[in-house]
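Residue numbers (mature numbering (1 follows the signal peptide of the UniProt record, and there is no 0)): -21 to -1, 1 to 531.
The structure is reproduced here in structure tokens:
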């Protein structure tokens, strides 16, 4: 017995004290989203929670996190009055039973209120239908009465006008009110449909999957500890859009840089600090790797023997597995008076990317709807000129060359174009680096007139046995603007597909400024205010007399 007691004592001395220690206390916590950085295909969400700690080992369980949270992206920072050391971080899946009785009751109350409004609108519509029927009956009765009285020289013109005015004004009034009611009903029906979807989500009997991040800490001194947990989620994105407004003098343009943000991450972003980043985490930071490029002579594969049948069967069986794998990968990827001044973002360079910090907290629900915010306002220098293709349209189109003077690139997106206060149209913006030039169309201008006359003629060279086809054109351009303008007049030479066909430009009163390899001819005309210029030229095609040429 003494030997057994001695062994127990020795074993206790050899084993660490932690073997006999109680398991660490578990502290459940709910973190609040404080900041979000949105990339073009995902978002990094930062949330904070403060807990009170006592000396010893504890596990802080941050619960109710979205299932889209990427486990390998989770990071935790902590600070506070408690002297604590983080000893481990673990991400776990969990299931929460949906209990949303209070929210369901609120939704049902909203539905009842909207349905009462819808019933009231139906009652109003029924009244209007009755009113219109009454007016129509009066119109019929008056029509019969007027027909009878016209035969005896009545009614008077004043009475006729009074009758027509009463029927006409009341008919128009009733129809207008009916249209307004239909519009109100449509809006209320959309609201009802949205509330029904929310009710269905809130009353679902399924268990909602979520994630929990468990942070193990060793506390040396009692106090409070604030944890900042950040992680990446999919199904969040932002897209740039632009408004470009050309000044009246054509020397500058105002660029409004907007962002369209939307997300469907499974949780609303309420009162959060928002940052929009041009970084692309998915693409990585390293250039692609070149693999060996092997070439060899073609050697046909030997004909398969019957014994190879099991191999063919194995390959057929493998295809569905590959397809399912590809579908799974695709599913993971999918889970993605005085003018008022605009509030703009603060741009900051972060390595090779730009981050736009929105100055005020924002609200972005998880419903995948677009929310617009202004990133920046920039005044860009502009040089303008006109282009015309009289062969296709005798119209002068204004084009503007702008310089991106902002300290960041303009990402691909849609740009709405204005000339002064007039909306011209929309165009696609390609990526433009800081300092790079880009051009935008600003529509046609009636103050620059273009006229074109063409004479198609056929001649025979005779002596050399060739056919000669000539196209003579005369183009007149007039600048009715009060300032000098540059107009690019464009035409083209046909491209010969055979060496026996020759194409030439002849009798040009003004040689083209530029001739491109694709046959494009450009005359750059500089016109003073009120000036008119005329250019004429002939495009000549020669080919053998016994041959036929297509395209002429």
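Each residue gets a CB set at the ideal place from its N, CA and C atoms; glycine is no exception.
- Boundaries for residue 459: no beta strand (DSSP E) harbours it, and the DSSP string shows neither H nor E there.
- For residue 270, no pairing in a beta bridge is given by DSSP.
- By the Cβ neighbour-count rule, residue 242 is buried, with 16 or more other Cβ atoms within 10 Å of its own.
- In this structure, DSSP gives residue 109 a helical state, which the three-state scheme calls helix.
- Each residue's CA atom was taken as its position, placing residue 212 and residue 389 some 25 Å apart.
- Taking 3 residues as the shortest admissible run, the stretch 386 to 440 contains the following complete beta strand (DSSP E) segments, listed from N- to C-terminal end: 392 to 398, 401 to 408 and 416 to 439.
- Scanning its chain for C-beta atoms nearer than 7 Å, with the 5 sequence neighbours on each side dropped, one finds around residue 462 the residues 508, in chain order.
- Around the beta carbon of residue 228, fewer than 16 other beta carbons sit within 10 angstroms, so the residue counts as exposed.
- If you draw a straight line from the Cα of residue 176 to the Cα of residue 90, it comes to about 11 Å.
- With a contact defined as Cβ atoms closer than 8 Å, residue 394 and residue 406 qualify at about 5 Å.
- The beta-carbon distance between residue 37 and residue 198, rounded to whole angstroms, is 6 Å. This is short enough to meet the 8 Å contact definition.
- Following the DSSP letters along the chain, one finds residue 241 inside the beta strand (DSSP E) bounded by residues 231 to 242.
- Annotation: residue 233 to residue 383 spans about 11 Å, alpha carbon to alpha carbon.
- In this structure, the alpha-carbon of residue 191 lies about 27 Å from that of residue 255.
- Boundaries for residue 488: no beta strand (DSSP E) harbours it, and the DSSP string shows neither H nor E there.
- If you draw a straight line from the Cα of residue 157 to the Cα of residue 116, it comes to about 19 Å.
- Nearest in C-alpha terms to residue 425, of all of 101, 433, 413 and 457, is 457.
- Excluding its 5 nearest sequence neighbours in each direction, residue 249 has C-beta neighbours in its own chain below 8 Å: 12 and 342, listed in chain order.
- With respect to the C-alpha of residue 17, the residue from 235, 108 and 333 having the closest C-alpha is 333.
- Between the C-alpha atoms of residue 216 and residue 404 there is a straight-line separation of about 26 Å.
- If you look at residue 18, you'll find it isn't in any beta strand (DSSP E); DSSP assigns it neither H nor E.
- Using a Cβ distance threshold of 8 Å, residue 368 and residue 469 count as a contacting pair.
- With a cutoff of 8 Å on beta-carbon distance, residue 40 and residue 201 are scored as not near each other.
- In the three-state scheme derived from DSSP, where H, G and I count as helix and E and B as strand, residue 151 is classed as helix.
- Scanning 530, 412 and 44 for the CA closest to the CA of residue 208 turns up 44.
- When DSSP states are grouped into helix, strand and coil, residue 245 belongs to the coil group.
- Setting aside the 5 residues that flank it on each side, residue 435 is surrounded in the same chain by 450, each with a C-beta closer than 7 Å to its C-beta; the list follows chain order.
- DSSP lists 192 as the beta-bridge partner residues of residue 70.
- Residue 93 carries a helical assignment under DSSP once its states are collapsed to helix, strand and coil.
- The C-alpha of residue 96 is placed about 18 Å away from the C-alpha of residue 108.
- For residue 467, the enclosing beta strand (DSSP E) starts and ends at 464 to 471.
- Taking residue 110 as the centre and dropping the five residues before and after it, the same chain places the C-beta of 153 closer than 6 Å to its C-beta, in chain order.
- By DSSP's assignment, residue 223 forms a beta bridge with 234 and 396.
- Within its own chain, the residues whose Cβ lies closer than 8 Å to the Cβ of residue 65, once the five positions on either side in sequence are excluded, are 55, 57, 194, 195 and 196, listed in chain order.
- Measuring C-alpha to C-alpha distances from residue 31 to each of 24, 63, 179 and 455 identifies 63 as the nearest.
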